[in-house]
Ligand SMILES: Nc1ncnc2c1ncn2[C@@H]1O[C@H](COP(=O)(O)OP(=O)(O)OP(=O)(O)O)[C@@H](O)[C@H]1O
Ligand SMILES: [Mg+2]
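Residue numbers (the numbering used here), protein chains in the order written: chain A, 89 to 478; chain B, 88 to 403; chain C, 801 to 1131.
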């Protein structure tokens, strides 16, 4: 029991001691009553309501009711003092406490530009406080945008992805919703995403003074020719626009494609006999494909020969018919097989297609079968001739 | 070949296997139109084989046959169309009725349907089977089957009927009826070739007979001719008379070789080498004797047969 | 020796009578009962097991013929492999000796026809009876399948079914020819039936056992040296396998099984082919599985089997024909 008491005391001393040991910070001992605001000079728009945040501070005075009033209110303005969300007439801050108030100014639409002094008073029996405000009525607040990119020019093939990252800054004093667009040659497709996101966007809010990183991907038309292209990327908010041109330097490449005639990727071949399968090699790229080699991956034991064996040159947008002589093994079972035919340009691109080759059995056996029946019938006829008609 | 010969065989021979014995050994046959010809002989003598060769169902080893002017081997259809055959113990499709059996035969023979129907009725009436025409053949007795076989030949309007032992296994009345029907065939102008063991019956219907022995035709001709050949020319009489010592009296007549009791019945059998009818009448009626019956005895086929094969055995 | 007239005179009459006899006979009643039982069982089993696969399977109607429940692995076509010879033997074992035993032969042959007509007429009548039974059974299964499965068969399925009918009839023809040969050789119907059944038993049950033994026996004679040395190439194995299969094919049963498998299983390799692929995997390389063969290809595949059966039936028939022509007709 005693031990427990000692423990409790020691615990208490640990907790309480620092509190006792720390002196309250030395504060200047000022006493008085003040009406204060953080921004004594503000801007208001005609026809709009502006609110000024006020604070009634009591330092070291006995609390008393203080009547609130506004003086020097220009003609036609509607002025209210709000406290706790309601219109109040007086406030009473406790000792060393403050009361938060709002001055609501409702300006008529025809208010002339200029600076209007407005005075707010708090009057008590013993103490008074006064605050002088300057309300400036002027034109609109201008929005202001800017954008810049570190890599405004990219180089690539028609298959590469052209991606530009922009930093868009809202330089104005207010939040803006920024819309994006891009102008480019026909068929160029811009897509906007956040720099580190994948969601496509076409507008984004930016708070006053903030910046955002935006990514633009420019999709290219399939048949784009080699060359330099400029795309103007634009950010728009309210009535301001920021614009940066980006450059796409497209270098040409061949793009091969292998297909069947009329899109048919099938053929038939008899076991042990070469049968032609027509294969079409086309260059859908933007540069000439040179020295296209033709190869095939066949079921084992099969052979394939191409006619021609090699395509020297295939300009972009052109196609060439190649005959592949496919010869299944003599032992191949009837059924459908996959034969992959491939075209590979010397430098770069290659393409392949899977052809379905239906192996048919040789009709030779059908003829042999008929022969067998014929022989059997001949034997019968012979027997009839020799022994028949009794 | 003369016109009225329907079957003519020359040197017809059939050998089975490689042995020296021939089932049919160089036989000559000539059967005239409208004749009933009998084939006689012991079992295995070659009668059926001869018939099969005539029909073209068996090939001859040697010799030729001509049936109605056709070779049965070269033109079998011509021959079979005009020849009717009743095999030894004929069979029918038991599950079919007589009519259905005959319709099948008619179709095989190429007789058209309406005509066949008419002919079936007719021929079945002739063999007196009209009542059982639509009964299944399974219900037929042996005699009825034989008659059905005959009806088939009638229906075919065959020009030659070949009957292999048609009366074997028939009761006396059925035999009699059947023989009547064979005579009916003859009346229609059909040549009939019949093989049989029933000598009496053969004798009663056949115009001519051929006696087979071991594949050869031993004897051929009418029964009288055969009798002369085998038994010699005989003038035997059967005499039935009342009086004393009739037998002795008859025995004294010149030319009478023997007087003996006959095998059956009453009277006396007088064997003579010449015609002694007048002397016998005179002798029997002498001294108040009364002649009740006197009859010339034809040579019986039975006797010829027996005598012949006895002779063959003796010779062997 | 040249003889006048057509050998076929009277064939029609013989055919008509024999066909009518067969159809009206007690034997046919038994066959009909078998047909109905088999048909109903097949459809019933299919109803039980195949009904919910209708939409998944392109060849659902063909499955009616090849489907075998696990509990009782006998399918319709397999059943027919055994039923058809039995029926054919039943129809043919007393074709010729029956005529002798009824003593109708010489009476019939004394009509203006050749023996050819009798033999051919009887053979064709037996074949027609068999075909009639098969068609009835086929219609029963197809009709039942239609009711139970609720979808119509495709044109190709019908064509394949008809091809099967033709093949099955050819198979029946082989056994009918064997049965008739026995009926020509043996005068006793019982001996004939027993011999024919013996041949059937031999080829259906014993041959599949004997054939591999024969193959093993001749292997040292036909195999290349390297095979015996234990280093066979895939080609060697495939070649030897063909030889073994060739020996197997002396049995009509084996041939028929190959044929119906080929017709009814367009979308799968036949067992034999699967075995070949297993032994020589190169053959199965880059195969697109489950791609059905066209009808024409299936026919080509089973054509050798079909011709074998047709030619076999003709040859056996010829044997019977020759021995019948040499026989003496005395009854
Ligand atoms: N297929 C055959 N093979 C060998 N010999 C045969 C054959 N058919 C018949 N024979 C012989 O030919 C001979 C003549 O037989 P066939 O049937 O013609 O006699 P058959 O006179 O008709 O006798 P049956 O009065 O008993 O009918 C007989 O000795 C017989 O043994
Ligand atoms: Mg006889």
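Glycine is no exception: its CB is placed at the ideal position from the N, C-alpha and C atoms.
No heavy atom of ligand 1 is found nearer than 7 Å to the CB of residue 892 (chain C). Taking 8 Å as the threshold, the shortest C-beta distance from residue 301 (chain B) to chain C does not fall below it.
Straight-line measurement puts the Cα of residue 819 (chain C) at about 26 Å from the Cα of residue 998 (chain C). Residue contact with chain A for residue 971 (chain C): absent (no Cβ-Cβ distance below 8 Å to any residue of chain A).
In chain order, 1082, 1085 make up the part of chain C whose C-beta sits under 7 Å from the C-beta of residue 388 (chain A). Rounded to whole angstroms, residue 349 (chain B) and residue 395 (chain B) show a C-alpha spacing of 21 Å. By a beta-carbon distance limit of 8 Å, residue 410 (chain A) contacts residue 396 (chain A). Their separation comes to about 7 Å. Close to chain B, meaning a Cβ-Cβ distance shorter than 7 Å, are the following residues of the segment 913-943 of chain C: 913. Secondary structure of residue 885 (chain C) (DSSP, three-state): helix. With a threshold of 16 other beta carbon atoms within 10 Å, residue 137 (chain A) falls short and is exposed. Residue 156 (chain A) has its alpha-carbon roughly 7 Å from the corresponding atom of residue 211 (chain A). Contact between residue 373 (chain B) and residue 325 (chain B) does not hold, since their C-beta atoms are separated by about 19 Å, which reaches or exceeds 8 Å. Taking a Cβ-Cβ cut-off of 8 Å, the neighbours of residue 196 (chain B) in chain C comprise 911, 912, given in sequence order. Counting along the chain, no beta strand (DSSP E) covers residue 971 (chain C); the unbroken alpha helix (DSSP H) around it starts and ends at 955-985.
The set of residues with any CB-heavy atom separation to ligand 2 below 7 Å comprises, in chain order, B:134, B:135, B:175, B:251, B:252, B:282.
Under DSSP, residue 322 (chain B) takes part in no beta bridge, so it has no partner.
A Cβ-Cβ distance of about 5 Å is found for the pair residue 332 (chain A) and residue 321 (chain A), placing them in contact under the 8 Å criterion.
Between the alpha carbons of residue 116 (chain B) and residue 95 (chain B) lies a gap of roughly 5 Å.
For residue 321 (chain B), no Cβ of chain C is located within less than 8 Å of the residue's own Cβ. Residues of chain C with a Cβ closer than 9 Å to the Cβ of residue 168 (chain B) are, in chain order, 911, 912.
At a cut-off of 8 Å, the C-beta of residue 414 (chain A) has no neighbouring C-beta in chain C.
One thing to note: residue 169 (chain A) has its Cβ no nearer than 8 Å to the Cβ of residue 193 (chain A). With at least 16 other beta carbons inside 10 angstroms of its own, residue 300 (chain A) counts as buried. For residue 247 (chain A), the closest of A:281, A:424, A:313, A:162 by C-alpha to C-alpha distance is A:313. Flagged as an interface residue toward chain C: residue 176 (chain B), by a C-beta distance shorter than 8 Å. Between the C-alpha atoms of residue 969 (chain C) and residue 458 (chain A) there is a straight-line separation of about 18 Å.
Between residue 892 (chain C) and residue 980 (chain C), the CB-CB gap stays under 8 Å. Contact check for residue 274 (chain B) against residue 170 (chain B) fails: the beta carbons are separated by 8 Å or more. In terms of side-chain proximity, the C-beta atom of residue 132 (chain B) is found nearer than 7 Å to a non-hydrogen atom of ligand 1.
The residue from A:328, A:338, A:329, A:287 with its alpha-carbon nearest to that of residue 311 (chain A) is A:338. For residue 819 (chain C), the enclosing alpha helix (DSSP H) stretches over residues 811-824. Contact annotation: residue 279 (chain B) and residue 250 (chain B) have beta-carbon atoms nearer than 8 Å. If you check the C-beta of residue 1058 (chain C) against ligand 1, you find no heavy atom less than 7 Å away. The straight-line gap separating the alpha-carbon atoms of residue 1108 (chain C) and residue 890 (chain C) is approximately 23 Å.
By the Cβ-count criterion, residue 1028 (chain C) is exposed, with fewer than 16 other Cβ atoms from all chains shown falling within 10 Å of its own Cβ. Each residue's CA atom was taken as its position, placing residue 161 (chain A) and residue 131 (chain A) some 15 Å apart.
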